[in-house]
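These notes concern the structure reproduced below.
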Amino acid sequence: MNIDPHIESLILRSLESGLSADEQEQLLTWRNTSQENETAFQDFVKIYKAASVLPKLDKLDTKAAFGKVISKQPEIPEIPIKRNPFFSPKNEFWKVAAVFLVLLGSVKLMDSLLFESSPETVIAWTKVNSDESKKEVSLPDGSIVTLAENSSLEYLEVFDKIRSVKLNGRAFFDVVRDEERAFVIEAGEMNVEVLGTSFQIEAFEESNAIEVLVKSGEVAFYHEGDKEKEDKKLKLKKGEKASYDKLKKSIKTVITKDLNELSWLTGKITFNKTQIDTVIKTLEGFFGVDIVIENQDFANCKLSASFDNQELDEIIEVIRVTYDVEVKQEAKTIRLIGKGC
Amino acid sequence: MLKSWGLFISLLFLPNLLFSQKSKLDVPVNVEYDNRSLEKILVNLEDKTGILLSYNPESVPLSHWISYSAINKPVSMVLSEILNPLDLEYQVVAKQVIIRPKKN
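Which chain is which? The protein sequence lines are X and B, in order.
Mapping of the first sequence onto our numbering: position 56 corresponds to residue 58, and the numbering continues sequentially without gaps.
Mapping of the second sequence onto our numbering: position 79 corresponds to residue 87, and the numbering continues sequentially without gaps.
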């Protein structure tokens, strides 16, 4: 910070020759005005004391150095020199002051380089992208976030009073309980706030829905503008799901019957009297393939089955044997030819 | 030295790799069903033994009431004894135990 030259001279003289009662009062008032002023004062004193132990200080040719500056700006010093000998380049004060200013600058620089925790330091956001496959991220508080493919998470390297993260895409959160520090996820225009629990959020930028599914505990789901309005926060408990519509700007709770919401995470796919065309849609989404059912009657059949981290061809083989259907594997599509049940 | 440890460790895990549906079916279980639906029994067997089932719910009489008990019998035998009277059979494909009507 820049100190007013008058104050600077007061400080300097207070350290050297002493001040009049009036000047002391002035300096004290200035120091008490703000924490910043007091800090500047302390810095100045620090530098003064450091400088006084530097043996070579007296030998510095401040006079010559200062003279050079003056010679380049002849107009400026002219007026005050005549009026007040204090401003004369010959005054010892300026030599010392010049050295002090340089030292003050370097101490400030050292400060910012050495002490990262100083309040001005900006704590960086870390961004993790999952790209093509799911990715597990450990956060500074021990919470674990599993990102689905093509999703990204941003978090502060050091969590402060609020454990704050940002999500784009789909992720499963397993948040370590901390009653003192809420865990807040910014998912598009919606926030999800918890103390400690596990849940899934789906918030792809290109989708019109932002969804939360709670696996354990309780979460609060609300629009970013309603941070302070407790009554606008939708509380969701274990097993509950809510969906926010970006176009309608409304939240609704959803009763989910889909057993496979978390399949991407667990690798487990479960069907319970599920119609074959739904089974096929799930498998297509999960494996990114095209499956065609030749006969609509077979599409209306139902399946009860559970799969655990299995490849698509194993699953297709199980379906084939369960219904006695014919399977034709083509370049990009799998065809199922079967009859009605 | 390191190599032999590596071998030792892989031998330790070998049984896990072989521990497929087949051997899950060999594990002896105790069950007691007193007038329960076939559907509930199948769910219970999956939970209890870790076997994975697959069936067409429209060709398996799920609401059929059954009383059955077994002490220290392999899962495979329990399944056969429950399914046989209903004209059903099972077949192991991949990790799944597929339940189907018996073929004539």
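We put the beta carbon where it would ideally sit given N, CA and C, even for glycine.
Taking only the alpha-carbon atoms, compute the straight-line gap between residue i and residue j and give it to the nearest angstrom.
i	j	result
K71 of chain B	L91 of chain B	The question names Lys, yet the displayed sequence has Ser at residue 71 of chain B. Cα-Cα distance, rounded: 13 Å.
E195 of chain X	S140 of chain X	18 Å
I339 of chain X	S308 of chain X	22 Å
E204 of chain X	K217 of chain X	14 Å
E97 of chain B	S67 of chain B	12 Å
D247 of chain X	F206 of chain X	12 Å
E89 of chain B	A301 of chain X	32 Å
L149 of chain X	I79 of chain B	45 Å
T268 of chain X	V320 of chain X	20 Å
K61 of chain X	A184 of chain X	In this prediction, K61 of chain X scores a pLDDT of 44, lower than 50, which makes its location untrustworthy; no coordinate-derived value is stated.
E27 of chain X	Q44 of chain X	17 Å
L7 of chain B	I59 of chain B	Given a span of 9 to 112 for chain B in the structure shown, any question on residue 7 of chain B remains unanswerable.
T57 of chain B	N170 of chain X	39 Å
C343 of chain X	V294 of chain X	18 Å
I212 of chain X	G190 of chain X	8 Å
V147 of chain X	L87 of chain B	40 Å
T284 of chain X	K81 of chain B	37 Å
R108 of chain B	D55 of chain B	20 Å
R15 of chain X	V47 of chain X	11 Å
T255 of chain X	S200 of chain X	18 Å
A126 of chain X	E159 of chain X	6 Å
E38 of chain X	L103 of chain X	17 Å
E316 of chain X	K334 of chain X	17 Å
N34 of chain X	V101 of chain X	26 Å
S154 of chain X	K48 of chain B	42 Å
Y6 of chain B	L238 of chain X	Not covered by the structure: residue 6 of chain B. The range shown for chain B is 9 to 112.
W266 of chain X	S36 of chain X	56 Å
K231 of chain X	Q202 of chain X	23 Å
V329 of chain X	P93 of chain B	31 Å
Could you check whether residue j and residue i sit closer than 7 Å to each other, using their CB atoms as the reference points?
i	j	result
S306 of chain X	Y41 of chain B	no
D95 of chain B	K111 of chain B	no
K166 of chain X	E151 of chain X	Correcting the residue type first, residue 166 of chain X is Ser in the shown sequence and not Lys. Contact flag unset, no.
R337 of chain X	E296 of chain X	yes
L105 of chain X	I13 of chain X	no
V323 of chain X	I106 of chain B	yes
E138 of chain X	K168 of chain X	no
L264 of chain X	T272 of chain X	no
K275 of chain X	P65 of chain B	yes
A173 of chain X	V214 of chain X	no
With distances taken from CA atoms, which of the options is nearest residue i?
i	options	result
F223 of chain X	X:V323, X:E156, X:N210, X:S252	X:S252
G198 of chain X	X:S153, X:W127, X:S145, X:S154	X:S145
E220 of chain X	X:N34, X:S11, X:F175	X:F175
S45 of chain B	B:V105, B:I106, B:I74	B:I74
I5 of chain X	X:V147, X:F161, X:D133, X:E40	X:E40
A42 of chain X	X:E25, X:E10, X:F273	X:E10
V101 of chain B	X:V47, X:E191, X:Y325	X:Y325
V178 of chain X	X:Q202, X:E213, X:P142	X:P142
Q298 of chain X	X:T35, X:F288, X:F289, X:Q277	X:Q277
V1 of chain X	X:R172, X:E208, X:F161	Beyond the ends of chain X as shown, which are 3 and 343, falls residue 1 of chain X; an answer cannot be given.
V39 of chain B	B:R108, B:Q104, B:M85	B:M85
T235 of chain X	X:K243, X:T258, X:H225	Reading off the sequence shown, one finds Lys at residue 235 of chain X, where the question assumed Thr. The candidate whose alpha carbon is nearest that of K235 of chain X is X:H225.
G241 of chain X	X:K330, X:D133, X:K259	X:K259
D279 of chain X	X:F289, X:C303, X:I257, X:F288	X:C303
List, in order along the chain, the chain X residues whose C-beta lies closer than 8 Å to that of residue i?
i	result
I106 of chain B	V320, V323, T324
S67 of chain B	C343
E97 of chain B	Near E97 of chain B there are no residues of chain X at all, since even the closest Cβ is about 12 Å away, more than 8 Å.
E54 of chain B	S308
Can you name the residues of chain X whose CB is closer than 9 Å to the CB of residue i?
i	result
N64 of chain B	C303, K304, L305, S306, T324, Y325, C343
E40 of chain B	Neighbours of E40 of chain B on chain X: none; closest Cβ ~24 Å, over 9 Å.
Taking residue i and residue j to be in contact with their CB atoms under 8 Å, please state how far apart those CB atoms are, rounded to whole angstroms.
i	j	result
N210 of chain X	L249 of chain X	6 Å
V281 of chain X	L314 of chain X	12 Å between Cβ atoms; not a contact.
V83 of chain B	V37 of chain B	6 Å
T128 of chain X	E94 of chain X	Not really, about 53 Å apart at Cβ, beyond 8 Å.
D310 of chain X	K270 of chain X	5 Å
L61 of chain B	Q104 of chain B	7 Å
L21 of chain X	L29 of chain X	7 Å
Name the chain B residues whose beta carbon is nearer than 9 Å to that of residue i?
i	result
F309 of chain X	L60, S62, A102, K103, Q104
Q298 of chain X	Neighbours of Q298 of chain X on chain B: none; closest Cβ ~16 Å, over 9 Å.
At a Cβ threshold of 7 Å, is residue i touching chain A?
i	result
E316 of chain X	Annotation note: the requested chain A is absent from the structure, which comprises protein chains X and B.
Going along chain B in order, which residues have a C-beta closer than 7 Å to the C-beta of residue i?
i	result
K248 of chain X	Result: empty, since nearest Cβ-Cβ is about 38 Å, beyond 7 Å.
K275 of chain X	P65
Just to make sure I have the definition right: I need the residues of chain B whose C-beta is within less than 8 Å of the C-beta of residue i. Which are they?
i	result
Q312 of chain X	A102, K103
Closer than 6 Å to a non-hydrogen atom of the ligand SAM - does that hold for the CB of residue i?
i	result
L261 of chain X	Annotation note on the ligand SAM: not contained in the displayed structure, which lists no ligands.
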